[in-house]
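Visitor: Line by line, the protein sequences give chains H and U. Per the UniProt record's numbering, the first sequence starts with residue 1, numbered consecutively. Per the UniProt record's numbering, the second sequence starts with residue 1, numbered consecutively.
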Amino acid sequence: MIHFVLLISRQGKVRLTKWYSPYSQKERTKVIRELSGLILTRGPKLCNFVEWRGLRVVYKRYASLYFCMCIDEDDNELEILEIIHHYVEVLDRYFGSVCELDLIYNFHKAYFILDELLIAGELQEPSKRTVTRLVAAQDSLVETAKEQTSSITNIIAQAAK
Amino acid sequence: MNPFSSGTCLRDMIRAIRACKTAAEERAVMLGYPTHFGQMECLKLIASAGFPEKRIGYLGLMLLLDERQEVLMLVTNSLKQDLNHSNQYIVGLALCALGNICSAEMARDLAPEVERLLQFRDPNIRKKAALCSIRIIKKVPALAENFINCAASLLKEKHHGVLITGVQLCADLCKVSSEALEYFRKKCTEGLVRTLRDIVNSPYSPEYDISGITDPYLHIRLLKLLRILGQGDADASDRMTDILAQVATKTESNKNAGNAILYECVETIMSIEDDGGLRVLAINILGKFLSNRDNNIRYVALNMLMRATTLDAQAVQRHRATILDCVKDSDASIRKRALDLLYLLVNDNNVKHLIKELIEYLEVSDQEFKGDLTAKICSLVEKFSSEKIWYIDQMLKVLSEAGNFVKDEVWHALIVVISNASDLHGYTIRALYRAFLTSTEQETLVRVAVWCIGEYGDMLVNNVGMLDIEDPITVTECDAVDAVEVAIKRHTSDLTTKAMALIALLKLSSRFPSYSERIKGIIVQNKGNVVLELQQRSIEFNHILQKHPKFRSALVERMPVLDEATFSGRRAGSLPTAISTSSGAPSNHPNGIAKPATAPIPDFLDLSSDDVPAPSSSGGDFLQDLLGVDLSPTPAPSGADMPPKASTDVLLDLLSIGMPLPVQTGLSASDILSSSQDDKAPFVNFNGLASLSSLSANATSPANAAPMMDLLDGRGPGPQKSEENGQAYPSLVAYESSSLRVMFNFSKQRGSPQTTLIQATFTNLSSNVYNDFLFQAAVPKFLQLHLDPASSNTLPASGDGSITQNLKVTNSQHGKKSLVMRVRIAYKTNNKDVLEERQINNFPQNL
Numbered sequence: 001m002i003h004f005v006l007l008i009s010r011q012g013k014v015r016l017t018k019w020y021s022p023y024s025q026k027e028r029t030k031v032i033r034e035l036s037g038l039i040l041t042r043g044p045k046l047c048n049f050v051e052w053r054g055l056r057v058v059y060k061r062y063a064s065l066y067f068c069m070c071i072d073e074d075d076n077e078l079e080i081l082e083i084i085h086h087y088v089e090v091l092d093r094y095f096g097s098v099c100e101l102d103l104i105y106n107f108h109k110a111y112f113i114l115d116e117l118l119i120a121g122e123l124q125e126p127s128k129r130t131v132t133r134l135v136a137a138q139d140s141l142v143e144t145a146k147e148q149t150s151s152i153t154n155i156i157a158q159a160a161k
Numbered sequence: 001m002n003p004f005s006s007g008t009c010l011r012d013m014i015r016a017i018r019a020c021k022t023a024a025e026e027r028a029v030m031l032g033y034p035t036h037f038g039q040m041e042c043l044k045l046i047a048s049a050g051f052p053e054k055r056i057g058y059l060g061l062m063l064l065l066d067e068r069q070e071v072l073m074l075v076t077n078s079l080k081q082d083l084n085h086s087n088q089y090i091v092g093l094a095l096c097a098l099g100n101i102c103s104a105e106m107a108r109d110l111a112p113e114v115e116r117l118l119q120f121r122d123p124n125i126r127k128k129a130a131l132c133s134i135r136i137i138k139k140v141p142a143l144a145e146n147f148i149n150c151a152a153s154l155l156k157e158k159h160h161g162v163l164i165t166g167v168q169l170c171a172d173l174c175k176v177s178s179e180a181l182e183y184f185r186k187k188c189t190e191g192l193v194r195t196l197r198d199i200v201n202s203p204y205s206p207e208y209d210i211s212g213i214t215d216p217y218l219h220i221r222l223l224k225l226l227r228i229l230g231q232g233d234a235d236a237s238d239r240m241t242d243i244l245a246q247v248a249t250k251t252e253s254n255k256n257a258g259n260a261i262l263y264e265c266v267e268t269i270m271s272i273e274d275d276g277g278l279r280v281l282a283i284n285i286l287g288k289f290l291s292n293r294d295n296n297i298r299y300v301a302l303n304m305l306m307r308a309t310t311l312d313a314q315a316v317q318r319h320r321a322t323i324l325d326c327v328k329d330s331d332a333s334i335r336k337r338a339l340d341l342l343y344l345l346v347n348d349n350n351v352k353h354l355i356k357e358l359i360e361y362l363e364v365s366d367q368e369f370k371g372d373l374t375a376k377i378c379s380l381v382e383k384f385s386s387e388k389i390w391y392i393d394q395m396l397k398v399l400s401e402a403g404n405f406v407k408d409e410v411w412h413a414l415i416v417v418i419s420n421a422s423d424l425h426g427y428t429i430r431a432l433y434r435a436f437l438t439s440t441e442q443e444t445l446v447r448v449a450v451w452c453i454g455e456y457g458d459m460l461v462n463n464v465g466m467l468d469i470e471d472p473i474t475v476t477e478c479d480a481v482d483a484v485e486v487a488i489k490r491h492t493s494d495l496t497t498k499a500m501a502l503i504a505l506l507k508l509s510s511r512f513p514s515y516s517e518r519i520k521g522i523i524v525q526n527k528g529n530v531v532l533e534l535q536q537r538s539i540e541f542n543h544i545l546q547k548h549p550k551f552r553s554a555l556v557e558r559m560p561v562l563d564e565a566t567f568s569g570r571r572a573g574s575l576p577t578a579i580s581t582s583s584g585a586p587s588n589h590p591n592g593i594a595k596p597a598t599a600p601i602p603d604f605l606d607l608s609s610d611d612v613p614a615p616s617s618s619g620g621d622f623l624q625d626l627l628g629v630d631l632s633p634t635p636a637p638s639g640a641d642m643p644p645k646a647s648t649d650v651l652l653d654l655l656s657i658g659m660p661l662p663v664q665t666g667l668s669a670s671d672i673l674s675s676s677q678d679d680k681a682p683f684v685n686f687n688g689l690a691s692l693s694s695l696s697a698n699a700t701s702p703a704n705a706a707p708m709m710d711l712l713d714g715r716g717p718g719p720q721k722s723e724e725n726g727q728a729y730p731s732l733v734a735y736e737s738s739s740l741r742v743m744f745n746f747s748k749q750r751g752s753p754q755t756t757l758i759q760a761t762f763t764n765l766s767s768n769v770y771n772d773f774l775f776q777a778a779v780p781k782f783l784q785l786h787l788d789p790a791s792s793n794t795l796p797a798s799g800d801g802s803i804t805q806n807l808k809v810t811n812s813q814h815g816k817k818s819l820v821m822r823v824r825i826a827y828k829t830n831n832k833d834v835l836e837e838r839q840i841n842n843f844p845q846n847l
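Listed below in structure tokens is the structure:
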């Protein structure tokens, strides 16, 4: 299973963390610090797998962001590379040519998309189209609810109370 | 209150928190509120009715809480309601949250809901429920049985998402419950094979296509589940062979997705029961991977090959050259994997070539890798050392290159081997000397060199035992002393090296008598050293050099050969303290036994100061007495009362002289010394000594028994000699109690009136069997006692049988003083340890 997902910028700033195994707050900061040091210093031509604390960390660099996923020893590392790419492609479809700025300002949406992709550290949905469709449906639900509350009728009803 | 304002606030708050690096900053952001504020807000949001609130609330919950917090329990009710909600997206939210962070109690509470949802009409809910179930069974394995049937039905789905999650659920069920494994193996293997075949042969589908392959994730999950089902079961494995062969041959391997599938396929082939055809296919694929330019693929291949070596070592050997190249790769991960793999591949044929390559690489490798590499090289060299000379050569090279990374046990082992290879002493010492001149910064090399120069200095100078392959080298005595002096004077030498160097100088002063003065000068310089160890050594050695030149040479005689068998046996039994003693500076000088490291040996100072000025009359027994005295602490289980015992009860100290002390084999020398050193394991060594004294067919280690028996037969009086009675002496009931009787029968050896042979007979007068029977005796200084092994160490009850043991006593004051003896008898009866001590004064006169 995937134990955690980490998105780190090239300068070492954390953009997104998702933990599927229990790590306490202190442990989390420690892990982030260690892995940042380990991964950010690796050269470009080296392989994308790092062994760390008996687990394996698979990372891939997209522009200025490092996408890291920590897996068990017996998982398929090449498949995790595919999953990382899957996530990036969905983000790309959703935001339209996604860049790091999108993730900074809409980090909650990045989490929503990740939740449609992974649960309990396992892959949920192989089809990008389905994922995008689901997230879009939920977004529209939010929109409709927003519209309803800000509609004129509601404001009048509130004022009258 | 506008729900969105709180939602936005929460979002901002979450954003701000994420941006904080420290807890202090977090607190500042929260304006002094504890973080619990955020948690309660999340709970409130989750409990509210609208979808947006719930969405944000669940997000906050997953970010701010984890399963270990008690607050999570409060959410259980909301979760339950949401799992039954009419809006399927809300159900999805709840399942997601549950699957990511639920605790064991929550899992138990909500498992029935999740089970129900596994059969929901909407496939998106079904897939989330499946993954949520995975977490539930991991947290509460007892619930696994409930999910077996539902999981099996998921395998027949058409929707890829549900199929993938269903397969994953089955895989995890199999890991958690063997019942599930059996069930799936029987019922579902065929279906899975069919599904895999369908997906492999399926036409292009834009929705699931990744680089030309339809849904590689499904391929991989199915292969993984088939692996779990096929492992250990020939029947299931049979059914999969076709499809596995198809996948292995048909999959394109130019893109990552294809390679991922091939990798999984190879893993599966390696794990299931197979006749061999598929295995060959798998190893070929791995070979192709290994020569791929992509680092990732090579890494993965090296990983897999380690598994493959256990199954088919021959095939992997073919790729040895490529693997050797990988050891030198620029990527640290690949280097490490390749080295591990190479270690498994070494056998007698290729070891010389491989070690040569590895040592060459050692010179250019970088620091982090050196430690690993050195350890591997050393263990390989030890495992495969067919010829001593090759072993010594390789170890010297490693020491010169990376001595600082070499562990203590390794160079101790090297010294043991050197001392055993007596014909190679000359070669070794010259090679070491040459190496020492070039690489003095390698600490371990300096230590080994210093020890060898001390031991074999004369061979070095006189060019003893030159082999044909050597270049001639002239080393004068001055050079040798210079070398050791360098070792002492170097400021980077540590305590061990300097201590070893001091001993080496003492040895050299005996081997090169003309240089005594100079050596004394060097030793004296350390008299005021702040480190106690060095100060003590230099003062004592100086004392020896000045006051006792006569027996200096006896002191520092060539060390007896250290027995390799014992050394490796003890090493396996991990008594590290003993090892450092036996390779340090043992029987040369009793104080030299004090370890270079920290363990204090308080008693020997007293004892040896008594002994040193009075070398006993029997020259050959000198070492024996010294070593015997050193044994005194051992019978006492606690080291604490050793010093008072040493000074007050001399007889009891001499108790150990009663032990048979074969000196010739280094085995016993190191045995005895280690027993006195090793405070940590007195009982172990006591048993060792007990076996020494009661050697019989029941002796523990045959390796120990054999040389000792020979020795004792050679030295001690055989039982047949007791018939030689020059004069008849009455037998003596030495000791009688309600439980035991000891009888002594005396006889004299013809031609030596001072020596009496005593045959001791022990009879058990109680009704319980005595086990571990041990007889020990001590005599005052004017007597010498020698104990033969007893006939057995089990004494049957009620005088049904007896134990006999022969003693030999030599009275140096024969005629003037009669024998007196103190005996100690220890045995076990009824699971109790019994100890009896008695002084025997009633020996016949004129013995």
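A virtual CB, placed ideally from N, CA and C, is assigned to each residue, including glycine. Please read these numbers as outputs of a predicted model, since none were measured by experiment.
State the CB to CB distance for the pair residue 164 of chain U and residue 204 of chain U, rounded to an integer number of angstroms; the pair is presumed to be in contact (CB under 8 Å).
Guide: In fact, because the Cβ distance is near 19 Å, the residues do not count as touching under 8 Å.
Visitor: With burial defined as no fewer than 16 other Cβ atoms inside 10 Å of the residue's Cβ, what is the status of residue 723 of chain U: buried or exposed?
Guide: Caution is warranted here: a pLDDT of 39 is assigned to residue 723 of chain U, below 50, making its placement in the model unreliable, and the coordinate value is therefore given only provisionally. Exposed.
Visitor: Sorted by chain position, which residues of the same chain lie with C-beta nearer than 8 Å to residue 502 of chain U's C-beta, five sequence neighbours on each side aside?
Guide: 488, 523, 526, 534, 537, 538 and 541
Visitor: Does the distance from the CB of residue 101 of chain U to the CB of residue 78 of chain U come in under 8 Å?
Guide: no
Visitor: Specify the secondary structure class of residue 824 of chain U as computed by DSSP and reduced to three states.
Guide: When secondary structure is reduced to three states using DSSP, residue 824 of chain U falls in the strand class.
Visitor: Please give the ranges of any alpha helix (DSSP H) in the stretch 373-448 of chain U, keeping only runs that are unbroken, at least 4 residues long and fully inside the region.
Guide: 388-402, 408-420 and 425-438
Visitor: Would you list, in chain order, the members of the stretch 137-155 of chain H that have their beta-carbon closer than 8 Å to a beta-carbon of chain U?
Guide: 137, 138, 141, 142, 145, 146 and 149
Visitor: According to DSSP, what are the bridge partners of residue 208 of chain U?
Guide: Paired residues: none, contrary to the question.
Visitor: Which word fits residue 730 of chain U, buried or exposed, when buried means at least 16 other C-beta atoms lie within 10 angstroms of its C-beta?
Guide: exposed
Visitor: Near residue 710 of chain U, which residues of its chain fall below 6 Å by C-beta distance, leaving aside the five closest residues on each side in sequence?
Guide: Note that residue 710 of chain U has pLDDT 38, beneath the 50 cutoff, so the model's placement of it is unreliable and no number is given.
Visitor: Measuring only the C-alpha atoms, how far is residue 146 of chain U from residue 146 of chain H?
Guide: 41 Å
Visitor: Would a check of beta-carbon distances place residue 53 of chain H closer than 8 Å to chain U?
Guide: no
Visitor: Count the other CB atoms, across all protein chains shown, that sit within 10 Å of the CB of residue 53 of chain H; report buried if there are 16 or more and exposed otherwise.
Guide: exposed
Visitor: For residue 52 of chain H, write down the residues that DSSP places opposite it in a beta bridge.
Guide: H/55
Visitor: Count the other CB atoms within 10 Å of the CB of residue 276 of chain U; is the residue buried (16 or more) or exposed (fewer)?
Guide: exposed
Visitor: When the cut-off is 8 Å and only beta carbons count, does residue 120 of chain H lie next to chain U?
Guide: yes
Visitor: Threshold first: 4 residues or longer. Then list the alpha helix (DSSP H) segments lying entirely within the stretch 21-82 of chain H, N to C.
Guide: Taken in chain order, the complete alpha helix (DSSP H) segments of 4 residues or longer contained in the stretch 21-82 of chain H are 25-40.
Visitor: Taking 8 Å as the threshold (beta carbon to beta carbon), is residue 41 of chain H in contact with chain U?
Guide: no
Visitor: Is the Cβ of residue 34 of chain H closer than 8 Å to any Cβ of chain U?
Guide: no
Visitor: Give the secondary structure of residue 843 of chain U by DSSP, where H, G and I count as helix, E and B as strand, and everything else as coil.
Guide: Note: residue 843 of chain U maps to coil in three-state DSSP.
Visitor: Taking C-beta pairs closer than 9 Å, name the residues in chain H that residue 216 of chain U reaches, listed in chain order.
Guide: 79, 82 and 126
Visitor: Of all the CB atoms in chain U, is at least one closer than 8 Å to the CB of residue 87 of chain H?
Guide: No, no contact with chain U.
Visitor: Please compile the residues from chain U whose C-beta is within a distance smaller than 8 Å of the C-beta of residue 50 of chain H.
Guide: 333
Visitor: For chain U, check one thing: does any of its Cβ atoms lie closer than 8 Å to the Cβ of residue 115 of chain H?
Guide: yes
Visitor: Is the CB-CB distance between residue 173 of chain U and residue 148 of chain U below 8 Å?
Guide: yes
Visitor: Go ahead and label residue 678 of chain U buried or exposed: buried means 16 or more other beta carbons lie within 10 angstroms of its beta carbon, across all protein chains shown.
Guide: Only weak support is given to the placement of residue 678 of chain U: the predicted model assigns it a pLDDT of 37, under 50, and the question is left unresolved by the model.
Visitor: How should residue 517 of chain U be labelled, buried or exposed, when 16 other C-beta atoms within 10 angstroms of its C-beta is the threshold for buried?
Guide: Looking at its Cβ environment, which holds fewer than 16 other Cβ atoms inside 10 Å, residue 517 of chain U is exposed.
Visitor: Alpha helix (DSSP H) containing residue 82 of chain U: first to last residue?
Guide: 75-83
Visitor: What does residue 212 of chain U touch in chain H if you count any residue whose Cβ is under 9 Å from its own?
Guide: Ordered by position in chain H, no residue passes the 9 Å Cβ test against residue 212 of chain U, which lies about 13 Å from the chain.
Visitor: In whole angstroms, give me the CA-to-CA distance for residue 556 of chain U and residue 507 of chain U.
Guide: 5 Å
Visitor: Determine the DSSP secondary structure at residue 516 of chain U, reduced to helix, strand or coil.
Guide: helix
Visitor: Just the chain U side, please: which residues come within less than 9 Å of residue 111 of chain H by C-beta, in chain order?
Guide: 59, 62 and 63
Visitor: Note the first and the last residue of the continuous beta strand (DSSP E) segment covering residue 476 of chain U.
Guide: First-last for residue 476 of chain U: undefined, no H or E at that position.
Visitor: Measure from the C-beta of residue 47 of chain H to each C-beta in chain U and report whether the shortest distance is under 8 Å.
Guide: yes
Visitor: Is it true that the stretch 775-786 of chain U meets the stretch 808-820 of chain U, where meeting means three or more beta-carbon pairs spaced less than 8 Å apart?
Guide: yes
Visitor: Which whole-angstrom value is the C-beta distance of residue 373 of chain U and residue 396 of chain U, which I expect to be below 8 Å?
Guide: About 17 Å separates the beta carbons of residue 373 of chain U and residue 396 of chain U, which is beyond the 8 Å limit, so they are not a contact pair.
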